[in-house]
Structures are given as structure tokens and as C-alpha cells.
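Chains as they are written, first to last, in my numbering: chain A, 1 to 85; chain B, 1001 to 1846.
Here it is as C-alpha cells:
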């Protein structure tokens, strides 16, 4: 499972509705609101899946910015094992 | 991941994002530098790094467990991004783990297989290095004008520095140029012409304070997302903050601008002159600023176009750089034809929009920030257009003050730090110094401890990028070594340079060495491929667009037999310079003995010690007091080398990056956010520089102490048309560019499946009106032809850009739709940077 967190910026008057929309999406949790910013986590099987979810945020009406803060991918089964000396 | 670990990771994720939203992330992330923090069972080792995708230079913290990257966090202590990354940062780790990483050296025995995915066999390092060294030495000894190196704005600072030293002082060759020639050269030449020093006066901090943003030919929303995020944040937080977007096509950046001004190609030159004319004719310029700070010039005009190989031998080519002094009144006279009405007719922009934009610069209280990238730089008059933007900021005094300034954005993570600052251009030495300037050569000899006159052998500039590839295509280059770039996709006029036409087959006879991390189009033309470390697989440094130098630490080992690029250059250097002397000393040891043991075939210290030693030598260029001989030349020739002062290496590790000039004040190294601006150093102003070299108390509180007579130059540059204009045979302008998911040629981002899935193929954006006119629809395959070549691509009317009638857009990330096959290699006569934005093409359904 890949766990990542983001700060989603919104138009000030639409923060609430953006939070509602995000909360409805699979693997997405809205943890808190700070002014027009939302603290969001995404949990998904792979980084690819996480990105697919997170990259969709920008098309939500009222979202003005999507900022990745943290991404943990230690359990991503799709990452290619590389022999390192 | 067990339940405890998962809970811990999720709690960490929430806490970090919460702190980022509140602006207190720094207290949570803390210092990295390889130390484990907290419980080693739950948390890996952390390392400071810098994102390697674009020119923003965002800081990240890498977490490593068992020699594998397991997480990335935005670095709150890096002032460039303050803990926030864009979507490309999401995938930083994944680029290390693509299935087809190159892990062993490869050799091509049969040159007839060039241009295919076949023909490369595995080899040992010894065999590959011996072959490369033998070919280089053979060419060097026979005719060194036939060797060339093509380096990069993605090459870390110390690596670029060492390469420049090897090539310039060791091989005594100037045939080295970086791929930054393709993106930043127009900005560089203009900076040098106007200010006599490279890189912006302001910093990213201006984004947080400007009242008005003007983007010129820059799709920041896609090409510089973190900086665009700061711009939009400022619009939300500031009252009445406005954004004007100027370009030849509508982009995602236009979508959020308050007003978009779409102009006809090249008329940006006229629009800037129109603004200047409005300021001057109506006495709306900053008179005190003009009187205190500016000098005026005009330059050669009607300079033609550098389309043909012999352009530089023509009269226009030989005189293109000429300038002569004029008075302010003469400058005003030159501007006078650029009325709103004339420029509106020329550009297609409404008079009222031009007037509104001009009034922005006329408002003495408005803090205005201009931002630009490739639309301005990749322009047959790119240097001129850079000049014209400076002109309006200088006339209005809107420069070098918080929230105010012309800011040239960069396209690669260290185009500034490496290509521009350490001198991997064919005409440069480190720290803005020029090979053609005798005092600059003497100073460089002092720092490198070379006999006086040693560098006189390289006083003539070498071949710039387009010339290198033109000469190669004609069979005049015997040896080419490239690193950190993918020239077989990013160069223009690939039909010629890849030998796809009936003539110009030189590429098949040139011995080509490519340092790479993945197979690319360039490796398909390589005789030897050297597999190298990627990003945090070794330690390095990037220097971004705001003059911030930052270190990325080594976090994991390279895969397989891949090696640090610098090691490959040292191994070849020791072989090629074997038996050579500098003065009475062994040449290799004299140049690199302080970091490299040639008998052991390895560095004397680890990554950290090697980088620190190189940095400390490089730092002498901007701290001449560290070297008695250099200091004497700095003083006698009034070089003012401290203008770009760098701090000791360990300061960058401790501080997560610093913007130069960095000044030591009471034992603390302090960065500078606003060059030439007087004020407290601790607040980011250039207190030490102004006090040392400048004149306090002048208009605007600034002193341009590096400029000749301390006065930057306003150079009148007229409107001149594109190199070619649409006609019956080629009725469209083709504009090329980048999109968010893929960077440049897609070498790394296209290994990320999701990024590739999000934007799997390059599409030709065509306006619905043009589609109807030429009888094509969404999804149709078309053949795009120019005077230079052709490519096939799918049409889209709903793409990421919205071109107006007569203009089409295609990105260049996809090697299967190799758009550069058809792009002109005509370059700006001053900067030698190609114009990728205005090739005339025909479009035919296939």
C-alpha cells in the first residue's frame, strides 16, 4: 500500500464543497481544513494508482492547486527491483 | 508493511501535510543528512535532495531503507518550494526503478546499425574506457577542431566544473557546449549585454509580493508548476493582484490569467517597444531611475537569419553583435513609431489591451514581475526580446526590488548552476568569465595554478551547439561525447542531423559516446554507451533559476555496474593526458590529483569529500581572497569576482541551499534575494555588495555595481519578422513545447507508467477552424512537412493548448512522433539559440 499526503488549495468560497467531493473518492481522506487549504491523504496499491487519484483533483471545480507533501512507496509491488552494489 | 508501521506512516503523512498547510513543516521534517531519526525500526535514513525534473529546483527529503528509496517529502527548509512539490515530484523515486536501466557498458562494433535499437553489445568498463580514450586521444592529437563535447543543464555543478577544467585546461579545447544553449542562451547573452553579469536580480520571493504578473511566452502552469502555484497563491492572498498572459497560443496558464493577449509571432518585440514608447512619450517612466542608472544604445539591425551554415561569415552575421551609444532622446525617437495603433495592427492585440498593459508599467506604485521562458528565448530574435523586457522594467524602475523584476525562468534543474555558472559554454570560463578576455584567462590560470599564458590556446570561442551538429552532419566531427542529454530527440532539424536525408550523413562516421541512464534515441547512435548513476545515486549540486545552489546527497548506490559520470570523465582524462605535462608537472595530477588517484583508478575520498574538494576549488573564482595570485588579478583588472560569491560547501548542506551572492557577516553566511538592492543582508538584500562595489543612495535604493560605469544598458531593438513566414506551400506556424507530465524528451518521465498513461502520445493541437479548412478531424493522422523535414502525428482540437488560426502546437516528448525532424535549426544570431517556435509547415491527412 502506498500512502501519500497532499495539500489541496481551493478558492476560498469553495473549500467546503471541494472537501466533500474529495471525501467521496476512493482511497482519499480529508483530515483537516486550514483556511482555503485541505490536508488530504491518498491510500492506494501503487504509486501509479495514487497518482491517478491525486492528479484528478485539479479537475474538481474550486481546486486551485495540488501540492504533494509526502509519498511513501516502500510497499509498492510494481517498483522494479534493482541490483545495487 | 505491518499494522504498526502502516499506522506510523499514515500518521506521518497527515502530520507532514498538516504542518505544510500551516507553514510549520520544518519543525517536523527536521535535519536530514543521512541520520536516522526516531525508531530505526520504523523510520529509514534521510537525505537532503533537490528534485531533478525541471528548473524550479524544489527541495525534497529522501528516505532510504536497505539501500532503496522508500519515501520522498517536500523539503520545508529549501526556500525555493518550502515543502511543497508538484506531480513530477510524486515520481522521483520511480525514475530510479525503471525496468530498462542501463547497468553495463555497451559497445557498437558495426556502425551500420546506428539509428536502430540493435547493434550494442555488453562490454567491460576497461574495454569501453580504453576504446573511448583511444578515440578521443587520436582525434585530439590529429586535429582537435574535430572533437566535441555536449554537456547539460542537468549535469551537477561539480561534475560540470571538472569537465570544463578537463576540456579547457587539459585538452585546450573550447568545443564544448551544453544543451542549455537550446533553452537559456538568449537569456544569458542578454543578461551579459545589459548588466555585464548573468542571472536575475530578483528571486522566487518576488512571486509572493508582486501586484501584477506578466508572463511572456511561458506556460508556467505546465512547465513550472510549483512557481505557478506560488503565483496563484499570491493572487488569492493579495488584493487586486492581476496576471496578464502574453503568447502566440492559449495554454493552461492563460486559463487562470486575468487577461490573455494573443499576438502574431515575433510581434512581442513590438509590444514591448509599444509599452516603452508609452512610458517615454508620456513621461511616465521613472526619471530619477533613468538618470541615476541607465545608459542607452542601439544595435545592428536587419541582421537576417542564421538558417544557412555560412551565416556567421556573411556581413550581417559578422556585425550582428555590434552596438553603439545613443542618447535618451535618440532612443525615444527610435521608439516613436511603436504607437498603440501601429502595434495593434501588427500584433493583432487590441489597442485597449495594449494600453492597459502599458499602464501597468506606468503605475509607479505597482510591483510588476515579468516571467518568461522558451517563447522568448527560442526566438530568431531571442536576445533582442530579452532586451526589450529589460528595457521596460529599467525605464519604469521595476527591478531588483521585492515583488518587482524581470525574471527569466529556466528549463532544467541546473542550467544556471552548471551550464551558466561553471562555464560549459564554448565561449566561457567559470563564473561569467570569457575565454576571449585576457584578464579572465589570467584569473582562471591563477585559480587552476596554470602557467601564465596556458589558456591563450583557447582564446577563440569554440563551436556552439548548432554548429557542432551542423559540422558533424557534414563529416567534420570525428569524436562526440554527450552526457545528461538526449540530443537525438531534442535538437532541431533532426532530418539533417540524424542523417535521414540524401546528404549530411556525418553522424554515421562520427565516434559517439553517450553517458546515459536509460536507452534513448541518442544511445541508438552511440558507438559506446556508458551506464551512469542517476540523481541521488551519487552526490551533486543543482543551481536553479533564483541563483540557489543546493546539494543533493548520495542516498542509494547506482544499479549494476553503473558508475558516477565524474568517474568516467576522470578515467578517460587520466588515459588521454597520460604523458602530457603542464609546466613541469604531470598534466592529469596537476589538474585532478587533489581528488583522484590515477594509480588506484578511483577518487581519493568518498562522494562527499570529492564534491567538497571540487567545490572549494571552484569557490575560489568567487572568493579570490583565497588565492593570492587570483586576488591580485581581481584587484588590478577590477573583475569584482565577489559579485557571485559562494559559501563553503558545508553551508549548503546545513542550510538546504543558498542564493548567491552569499556573504559572510559576523561569522554567518547570508544569502541574497535581491542583487544590487541596498538593505540589510540578513533580510536578503545585497548590503555587502553595494557597500563594497556600489553607490548607496541612488534612485530605487539599487546600485548596479557589476555593470559598466554602474549603468545597465537599454538597447533599442526593433521588430523584425520571423525567419520564415507562412505561404501557400507551408501555411502554418508550428510551435513546439513541453507539457506537465513529461519533461523535455521524456527519457525519465516516460518510464513512469502513470505519467505516460496520463499523456501517452504527442498530439498536434489544431484550431477547429483550421481543421475544417484542411479537412481533418480529431484523431486523424496527418503528415506535417516543413522545408527541413516531416513527421506524422495525430490531430486534436481538444488538446492542452488552443492555438489560433494559422498556428499549430506539438510537444516534443515523444520519440515516436519526432517533431524535431521538421523543426528549423535557425538560431538567434546573438545567442545561437534555435527558434523552436516558428517553423512553417504544411499539414496533410494520411
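Glycine included, C-beta positions come from ideal geometry on N, C-alpha and C.
Quick caveat: nothing in here was measured; it's all calculated off a predicted structure.
Rounded C-alpha distance that separates residue i from residue j
i: residue 35 of chain A; j: residue 1020 of chain B; result: 13 angstroms
i: residue 1032 of chain B; j: residue 1083 of chain B; result: Low confidence applies to residue 1032 of chain B: its pLDDT is 45, below 50, so where it sits in the model is not reliable, and the reading given next is rough at best. Spanning the two alpha carbons is a distance of roughly 14 angstroms.
i: residue 1842 of chain B; j: residue 1729 of chain B; result: 7 angstroms
i: residue 1077 of chain B; j: residue 1657 of chain B; result: 8 angstroms
i: residue 1517 of chain B; j: residue 1617 of chain B; result: 29 angstroms
i: residue 1663 of chain B; j: residue 1626 of chain B; result: 14 angstroms
i: residue 1449 of chain B; j: residue 58 of chain A; result: 55 angstroms
i: residue 1774 of chain B; j: residue 1713 of chain B; result: 47 angstroms
i: residue 1364 of chain B; j: residue 1286 of chain B; result: 8 angstroms
i: residue 1383 of chain B; j: residue 1154 of chain B; result: 23 angstroms
i: residue 1425 of chain B; j: residue 38 of chain A; result: 45 angstroms
i: residue 1178 of chain B; j: residue 32 of chain A; result: 46 angstroms
i: residue 1374 of chain B; j: residue 1219 of chain B; result: 9 angstroms
i: residue 1198 of chain B; j: residue 1526 of chain B; result: 34 angstroms
i: residue 1222 of chain B; j: residue 1181 of chain B; result: 21 angstroms
i: residue 1522 of chain B; j: residue 1484 of chain B; result: 11 angstroms
i: residue 1707 of chain B; j: residue 1196 of chain B; result: 5 angstroms
i: residue 1754 of chain B; j: residue 63 of chain A; result: Here the model assigns residue 1754 of chain B a pLDDT of 47, short of 50, so the residue's position is not dependable and the matter cannot be decided.
i: residue 1660 of chain B; j: residue 1549 of chain B; result: 8 angstroms
Member of the options whose CA lies at the smallest distance from the CA of residue i
i: residue 1575 of chain B; options: B/1516, B/1596, B/1372; result: B/1596
i: residue 1577 of chain B; options: B/1768, B/1165, B/1122; result: B/1165
i: residue 1705 of chain B; options: B/1640, B/1443, B/1826; result: B/1640
i: residue 1204 of chain B; options: B/1718, B/1586, B/1653, B/1409; result: B/1409
i: residue 1067 of chain B; options: B/1647, B/1558, B/1599; result: B/1558
i: residue 1304 of chain B; options: B/1830, B/1844, B/1098; result: B/1830
i: residue 1118 of chain B; options: B/1128, B/1107, B/1126; result: B/1107
i: residue 1143 of chain B; options: B/1477, B/1149, B/1233; result: B/1477
i: residue 1340 of chain B; options: B/1069, B/1022, B/1353, B/1188; result: B/1353
i: residue 1608 of chain B; options: B/1590, B/1635, B/1554; result: B/1554
i: residue 1025 of chain B; options: B/1060, B/1528, B/1044; result: B/1060
i: residue 1297 of chain B; options: B/1686, B/1442, B/1716; result: B/1716
i: residue 1489 of chain B; options: B/1813, B/1141, B/1070; result: B/1813
Within 8 angstroms, strictly: CB atoms of residue i and residue j
i: residue 1783 of chain B; j: residue 1770 of chain B; result: no
i: residue 1371 of chain B; j: residue 1279 of chain B; result: no
i: residue 1194 of chain B; j: residue 1390 of chain B; result: yes
i: residue 76 of chain A; j: residue 47 of chain A; result: yes
i: residue 1348 of chain B; j: residue 1259 of chain B; result: no
i: residue 1674 of chain B; j: residue 1401 of chain B; result: yes
i: residue 1418 of chain B; j: residue 1157 of chain B; result: yes
i: residue 1336 of chain B; j: residue 1277 of chain B; result: yes
i: residue 6 of chain A; j: residue 1647 of chain B; result: no
i: residue 1415 of chain B; j: residue 1183 of chain B; result: yes
i: residue 1309 of chain B; j: residue 1470 of chain B; result: yes
i: residue 1556 of chain B; j: residue 1129 of chain B; result: no
i: residue 1062 of chain B; j: residue 1413 of chain B; result: no
Residue i, enclosing beta strand (DSSP E) - first and last residue
i: residue 1328 of chain B; result: Counting along the chain, residue 1328 of chain B falls outside any beta strand (DSSP E), though it belongs to the alpha helix (DSSP H) covering 1328-1335.
i: residue 1192 of chain B; result: Note, residue 1192 of chain B: premise wrong, no beta strand (DSSP E); alpha helix (DSSP H) at 1185-1195.
i: residue 1178 of chain B; result: 1176-1178
i: residue 42 of chain A; result: 37-44
i: residue 1245 of chain B; result: 1242-1247
i: residue 1734 of chain B; result: 1732-1737
i: residue 1236 of chain B; result: Residue 1236 of chain B -> not in any beta strand (DSSP E); alpha helix (DSSP H) instead, spanning 1225-1237.
i: residue 1842 of chain B; result: 1839-1845
i: residue 1543 of chain B; result: 1540-1543
i: residue 1295 of chain B; result: 1295-1299
Unbroken alpha helix (DSSP H) run spanning residue i, endpoints
i: residue 1518 of chain B; result: Where residue 1518 of chain B is concerned, there is no enclosing alpha helix (DSSP H), given that its DSSP letter is neither H nor E.
i: residue 1531 of chain B; result: Looking at the DSSP string, residue 1531 of chain B is not in any alpha helix (DSSP H); the run it does join, the beta strand (DSSP E), is 1528-1531.
i: residue 1317 of chain B; result: 1315-1319
Using a Cβ-Cβ cut-off of less than 8 angstroms, give me the residues of the segment 1076-1099 of chain B that come near chain A, in sequence order. 1083, 1084, 1085, 1086, 1087, 1089, 1090, 1091, 1093, 1094, 1096, 1097, 1098, 1099
Chain A contacts from the segment 1795-1815 of chain B (Cβ-Cβ distance under 9 angstroms): Cβ contacts with chain A: none found.
Can you pull out the residues from the segment 1250-1272 of chain B whose beta carbon lies closer than 7 angstroms to at least one beta carbon of chain A? none
Contacting positions in the segment 21-37 of chain A - beta carbon closer than 9 angstroms to chain B: 29, 31, 32, 33, 34, 35, 36, 37
Taking a cut of 8 angstroms between CB atoms, which residues from the segment 1548-1575 of chain B lie near chain A? The segment 1548-1575 of chain B vs chain A, Cβ under 8 angstroms: 1556, 1557, 1558, 1559, 1560.
Any C-beta of chain A within less than 8 angstroms: which residues of the segment 1012-1025 of chain B qualify? 1012, 1013, 1014, 1016, 1017, 1018, 1020, 1021, 1022, 1025
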